[in-house]
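Chemist:
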Amino acid sequence: MHYVVKANTVSGFRSNVISPVPIGIGDIQGCCNALDRLLIKLELTKETPLWFTGDLVNRGPTSLAVLRRIIGLGERAVTVLGNHDIHLLAIAASGNRPKHNDTLDEILAAPDAIDLIDWLRYRPLAYYDGWRLLVHAGVLPQWNIDVTLRLAREIETKLRGKDWKIFLRALRGNEPDTWHNSLQGEARARVVVNAMTRIRFCDEHGRMEFKAKGSPNTAPSGFMPWFDVPQRRSADTLVVFGHWAALGLVMNNSLIALDSGCIWGGKLSAVRLDVTPENRVIIAQVDCSKKR
Ligand SMILES: [Mn+2]
């Protein structure tokens, strides 16, 4: 078993609490059958932390079951908000009908829907344990870890506040597409949420492009994967993310990309998020039926 010393960054010191290395699990998107098969395969001890890259719900057939399963894991499960999770919150906030290809009705009709939505809106947008940053899609090149966490906390405070429904309405849209320190209010919130939950490609100045969803070699002219921007300020930290099925499973010194396309007939993957690159191995994978 691999152990690391868990860092306590909130108070600025590293406590000597020994904790197991977290296991990262990619985008589930409402495929509880795949999640259950993966959890059985993992044969985990009760203490092993599980880090989920977000997009727990939508597109797949069993979003409600996924939410219940993750909630049932308790404190050991960390999940960050993905664009589909935010979409569910926005639907719940507005009272509008889901879109035709959404599979969120079962959650909205559940007798405890309010509790499920409340649980989801208290999830973090970014999570950092002193070694690793967990975020659904990525971070902008101008943001170091401190800035990323500070911006995430701004959004989390709003989502947990009493005006959360009004706040979610303001998040819709792709503009502005570029971060600036002077951004305020809704424009600021949109850039932060769009970057952390939707980014794939941006240009060297961090201008985001939201149409392209293909592999890195299909980048629109002038754009590149967010993690390839020169002098990216988060480059010295291990960033764990999902969201980009066409990128697939990637593990290198500074990145672990975990979306291996569960909902697209690919796989759901579990990876040891070890601080030592050589120990970052795939522990288990399950096939996801395209027929579901
Ligand atoms: Mn996503």
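Just so we're aligned: the sequence shown equals residues 1 to 292 in my numbering. Positions of the beta carbon are idealized from the N, C-alpha and C atoms, including for glycine.
1) Given the structure, does Gly266 come close to ligand 1, in the sense that its CB is under 8 Å from one of the ligand's heavy atoms?
2) State the CB to CB distance for the pair Pro176 and Ala187, rounded to an integer number of angstroms; the pair is presumed to be in contact (CB under 8 Å).
3) Does any heavy atom of ligand 1 sit closer than 8 Å to the C-beta of Gly248?
4) Which residue wins for smallest C-alpha separation from Cys31, given the options Ala170, Thr103, Ile23, Arg121?
5) Roughly how many whole angstroms lie between the Cα atoms of Pro277 and Asn83?
6) Taking C-alpha atoms, which residue in His205, Asn101, Ile70, Met208 lies nearest to Asn33?
7) What's the gap between the Cα of Arg132 and the Cα of Val80?
8) According to the neighbour-count rule (16 or more other Cβ atoms, all chains shown, within 10 Å of its Cβ), is Gly206 buried or exposed?
9) Which residues have a Cβ closer than 5 Å to any heavy atom of ligand 1, listed in chain order?
10) Suppose you measure from the CA of Thr367 to the CA of Val135; what does that come to, to the nearest Å?
11) Rounded C-beta distance between Ser260 and Gly26? I'm assuming under 8 Å.
12) Which same chain residues end up closer than 6 Å to Val10 when comparing Cβ atoms and leaving out the 5 residues on each side of it in sequence?
13) DSSP three-state label for Thr79, please.
14) Could you work out which residue in Val21, Leu39, Phe210, Ile199 is closest to Asp129 when comparing CA atoms only?
15) Pull the bridge partners of Gly24 from the DSSP assignment, please.
16) Under 9 Å between the Cβ atoms of Val57 and Leu67?
17) What residue from Asp287, Asp274, Ser254 has the CA that sits closest to Leu265's CA?
18) So, are the CB atoms of Gln29 and Ile256 less than 9 Å apart?
19) Taking the continuous beta strand (DSSP E) assigned at Ile283, which residues delimit it?
20) Does the structure place the stretch 145 to 161 close enough to the stretch 209 to 220 that three or more beta carbon pairs sit under 8 Å?
21) Could you check where the alpha helix (DSSP H) with Leu39 kicks off and where it finishes?
Modeler: According to the structure shown:
1) no
2) 5 Å
3) no
4) Thr103
5) 28 Å
6) Ile70
7) 13 Å
8) buried
9) Asp55, Gly82, Asn83, His243
10) Only positions 1 to 292 of the chain appear in this structure, which leaves residue 367 out of reach.
11) 6 Å
12) Caution applies to Val10, whose pLDDT of 42 falls short of 50 and renders its modelled position unreliable; the value that the coordinates give is listed next. Excluding positions up to five away in sequence, the list is empty.
13) strand
14) Val21
15) Per the DSSP secondary-structure output, Gly24 pairs in a beta bridge with Trp51, Val271.
16) yes
17) Here residue 265 is Gly; the residue named in the question, Leu, does not match the sequence. The shortest Cα separation from Gly265 among Asp287, Asp274, Ser254 belongs to Asp287.
18) No, the pair does not count as a contact, with Cβ atoms beyond the cut-off.
19) In the DSSP assignment, Ile283 falls within the beta strand (DSSP E) that extends over 282 to 287.
20) Output reads no: the stretch 145 to 161 does not touch the stretch 209 to 220.
21) 32 to 42
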